[in-house]
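Number of protein chains: 2
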Amino acid sequence: MRRIKVLIVDDHAIVRDGVSTLLSLAGDIEVIGEAANGKEGLEKVGKLLPDVVLMDIAMPIMGGLEAIRRIRKAFSGVKILALTQYDDKEHVFPAIQSGANGFVSKTSASSELTAGIRAVFTGESYLSPSIAKLFVEDYRQVSLAGGKSDPYEELTDREREILKLVVEGYKTRQIAEILSVTPKTVEAHKTSLMKKLGIHSNLELVKYALRRGIISM
Amino acid sequence: MRRIKVLIVDDHAIVRDGVSTLLSLAGDIEVIGEAANGKEGLEKVGKLLPDVVLMDIAMPIMGGLEAIRRIRKAFSGVKILALTQYDDKEHVFPAIQSGANGFVSKTSASSELTAGIRAVFTGESYLSPSIAKLFVEDYRQVSLAGGKSDPYEELTDREREILKLVVEGYKTRQIAEILSVTPKTVEAHKTSLMKKLGIHSNLELVKYALRRGIISM
DNA sequence: CCATATCTAAGGGGAAGTCCCTATTCACAT
DNA sequence: ATGTGAATAGGGACTTCCCCTTAGATATGG
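Structure representation (structure tokens):
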């Protein structure tokens, strides 16, 4: 089996050398190049055509996020594993949104690095545990974290039906047509369900629905 | 160091035995009990007080999701690692929403099972690669998948500022006060930014903002 | 049979949003 | 200097949203 070709992009030479040595110990991985910033990384992707790019986020000249976006655009087949010091939402989510296939924290064990490289190489993703936690928590209802029971259970079937249509973007009049009732009836149900959920605007309703998984982005 | 106490909940005896044997091979994990369905699992959690519950999702009597919710409610300190056959959104997201700390596919290597147990035990999360992929893809902009460029870049600074405030729930009048301009000006910017984004309602705006990571749930 | 809950519907009203316009000021680039 | 884009502001018309009250029909359970 061909070895996985990896390009390391990080502004610290020490990190590049360390990671490179580390990865060489894994039989199925081959470090084919290194770059010290996003700009250089982007160029080397074109020249060396790696399978996986190991990309540090915080870098001068061209930041990791910008580099990820450009690599995604120019070489859509290349997998990108982001590497970062910071395990918080503000750093991780933008990285994923810019097109990274996986995310590994620098505090992770070295085994996670190889696991991550193998995972993204095969088209899967990898999130190291501290980062997986961010995703998982973001998907959980806040209400569960708060401990109080969810008033969603109090809704009647009709109310759930209307909630769904509302957050999908249908206007009151359209919903009325779909359900073959008058707009006034739709409003009545909507008022009722909003009262039950303690929500006072369409906007909060959308956020609630996304949190509950009633609709997805 | 004390070993991690694990309770296995799965309706297939074969799976329970196999997993139990597998976990026993790891020195730091101790299987302290087994249950064949959610109801039995819930009872045993109370009796045995495990550190981690390994919970199958598809079960008769009491499904895994319901069991997870109840364990979360009654024993908030217990970590739950969900185990499933199916690696799709429809199965995974509801499980996370019901309170699981991590998610491992049955198709995963056994090393992932132990990695997952250790991660959730220490308060982190674990998502096996095929499942991490679902999360990652859900967080990426649809526009990247579609390939078309994002009109967000076209927005002026003022428009971005107002977009943020709008989706955070501020009314036009409040935004006007915050920025020390008239409501009419805020409306003008809003109209302009909505036109650029091709959006025609507050509701879509919120969805867009969530997708873009401008706000979080 | 009665109480309760749900679904239906309507009237009225205030607040907010949406969609037309026009217009001034300022900065920046051609 | 002239144009372009951005930020500012307003008028007017129309729609939608949110809240309040009331009330008949139907079903469910005690």
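Chains P and W are the protein sequences, given in the same order.
Here the first sequence is numbered in our numbering, starting from 1 and rising by one per residue.
Here the second sequence is numbered in our numbering, starting from 1001 and rising by one per residue.
A virtual CB, placed ideally from N, CA and C, is assigned to each residue, including glycine.
Cutoff 8 Å: residue i Cβ touching any chain P Cβ
{"i": "W/Pro-1218", "result": "Residue 1218 of chain W falls outside the range modelled here, since chain W spans only 1001 to 1217, and no answer is possible."}
{"i": "W/Tyr-1126", "result": "yes"}
{"i": "W/Ser-1201", "result": "yes"}
{"i": "W/Leu-1042", "result": "no"}
{"i": "W/Gly-1169", "result": "yes"}
{"i": "W/Ala-1132", "result": "yes"}
{"i": "W/Lys-1148", "result": "Note that W/Lys-1148 has pLDDT 43, beneath the 50 cutoff, so the model's placement of it is unreliable and the number below is only indicative. Chain P contact via Cβ: absent."}
{"i": "W/Gly-1027", "result": "no"}
{"i": "W/Lys-1195", "result": "no"}
{"i": "W/Glu-1066", "result": "no"}
{"i": "W/Val-1006", "result": "no"}
{"i": "W/Ala-1082", "result": "no"}
{"i": "W/Glu-1159", "result": "no"}
{"i": "W/Ala-1119", "result": "yes"}
{"i": "W/Met-1001", "result": "no"}
Coarse secondary structure for residue i, derived from DSSP in three states
{"i": "W/Val-1006", "result": "strand"}
{"i": "P/Asp-56", "result": "strand"}
{"i": "W/Ala-1013", "result": "helix"}
{"i": "P/Glu-204", "result": "helix"}
{"i": "W/Ala-1036", "result": "coil"}
{"i": "P/Val-167", "result": "helix"}
{"i": "P/Ile-178", "result": "helix"}
{"i": "P/Ile-29", "result": "strand"}
{"i": "W/Leu-1049", "result": "coil"}
{"i": "W/Met-1194", "result": "helix"}
{"i": "P/Leu-210", "result": "helix"}
{"i": "P/Ile-199", "result": "coil"}
{"i": "W/Ile-1215", "result": "coil"}
{"i": "W/Leu-1023", "result": "helix"}
{"i": "P/Gly-63", "result": "coil"}
{"i": "W/Thr-1156", "result": "coil"}
Residue burial classification, residue i (beta-carbon count within 10 angstroms, cutoff 16)
{"i": "P/Lys-73", "result": "exposed"}
{"i": "P/Tyr-86", "result": "exposed"}
{"i": "W/Ile-1178", "result": "exposed"}
{"i": "P/Thr-122", "result": "exposed"}
{"i": "P/Lys-79", "result": "buried"}
{"i": "W/Leu-1025", "result": "exposed"}
{"i": "W/Glu-1112", "result": "buried"}
{"i": "W/Val-1052", "result": "buried"}
{"i": "W/Met-1001", "result": "exposed"}
{"i": "W/Lys-1047", "result": "exposed"}
{"i": "P/Ala-119", "result": "buried"}
{"i": "P/Ile-4", "result": "buried"}
{"i": "W/His-1012", "result": "exposed"}
{"i": "P/Thr-156", "result": "exposed"}
{"i": "P/Val-142", "result": "Annotation note: pLDDT 42 at P/Val-142 (below 50); position unreliable, coordinate value reported separately. Exposed is the call here."}
{"i": "W/Gly-1027", "result": "exposed"}
{"i": "W/Leu-1197", "result": "buried"}
{"i": "W/Ser-1149", "result": "Summary for W/Ser-1149: the model assigns pLDDT 49, below 50, so the residue's position carries little reliability; its value from the coordinates is reported in the next sentence. Its Cβ having fewer than 16 others within 10 Å, W/Ser-1149 is exposed."}
{"i": "P/Gly-110", "result": "One point to set straight first is that residue 110 of chain P is Ser, not Gly, in the sequence displayed. Exposed, since its Cβ has fewer than 16 Cβ neighbours within 10 Å."}
{"i": "P/Lys-195", "result": "exposed"}
{"i": "W/Arg-1190", "result": "Residue 1190 of chain W is actually Lys in this sequence, not Arg. Buried, by the Cβ-count rule."}
{"i": "W/Thr-1116", "result": "First, the residue type needs correcting, since residue 1116 of chain W is Gly and not Thr in the sequence shown. Classification of W/Gly-1116: buried, given that the 10 Å Cβ count is 16 or more."}
{"i": "W/Ser-1201", "result": "exposed"}
{"i": "P/Ser-76", "result": "exposed"}
Short CB-CB distance (under 8 Å) between residue i and chain W
{"i": "P/Val-45", "result": "no"}
{"i": "P/Gln-141", "result": "At P/Gln-141 the pLDDT is 47, less than 50, meaning the model places this residue with poor confidence; the figure from the coordinates comes in the next sentence. It does: the Cβ of P/Gln-141 has a partner Cβ on chain W nearer than 8 Å."}
{"i": "P/Leu-210", "result": "yes"}
{"i": "P/Phe-135", "result": "yes"}
{"i": "P/Pro-151", "result": "no"}
{"i": "P/Lys-207", "result": "yes"}
{"i": "P/Gly-102", "result": "yes"}
{"i": "P/Pro-129", "result": "yes"}
{"i": "P/Glu-204", "result": "yes"}
Distance cut-off 7 Å: residue i Cβ against heavy atoms of the ligand NAP
{"i": "P/Gly-116", "result": "Among the ligands in the structure shown, none appear at all, so the ligand NAP cannot be discussed."}
8 Å contact criterion, which residue i and residue j should meet: CB distance rounded
{"i": "P/Leu-83", "j": "P/Asp-56", "result": "5 Å"}
{"i": "W/Ile-1215", "j": "W/Tyr-1208", "result": "About 10 Å; that fails the 8 Å criterion."}
{"i": "P/Glu-124", "j": "W/Ser-1130", "result": "5 Å"}
{"i": "P/Glu-34", "j": "P/Arg-16", "result": "5 Å"}
{"i": "W/Val-1009", "j": "W/Ser-1020", "result": "Actually they are not in contact, since the Cβ atoms of W/Val-1009 and W/Ser-1020 sit about 12 Å apart, beyond 8 Å."}
{"i": "P/Val-181", "j": "P/Thr-172", "result": "Incorrect: roughly 11 Å between the Cβ atoms, too far for contact."}
Check your understanding: What beta strand (DSSP E) runs, 3 residues minimum, are completely inside the stretch 1066–1136 of chain W?
Key -> 1079–1084, 1102–1105
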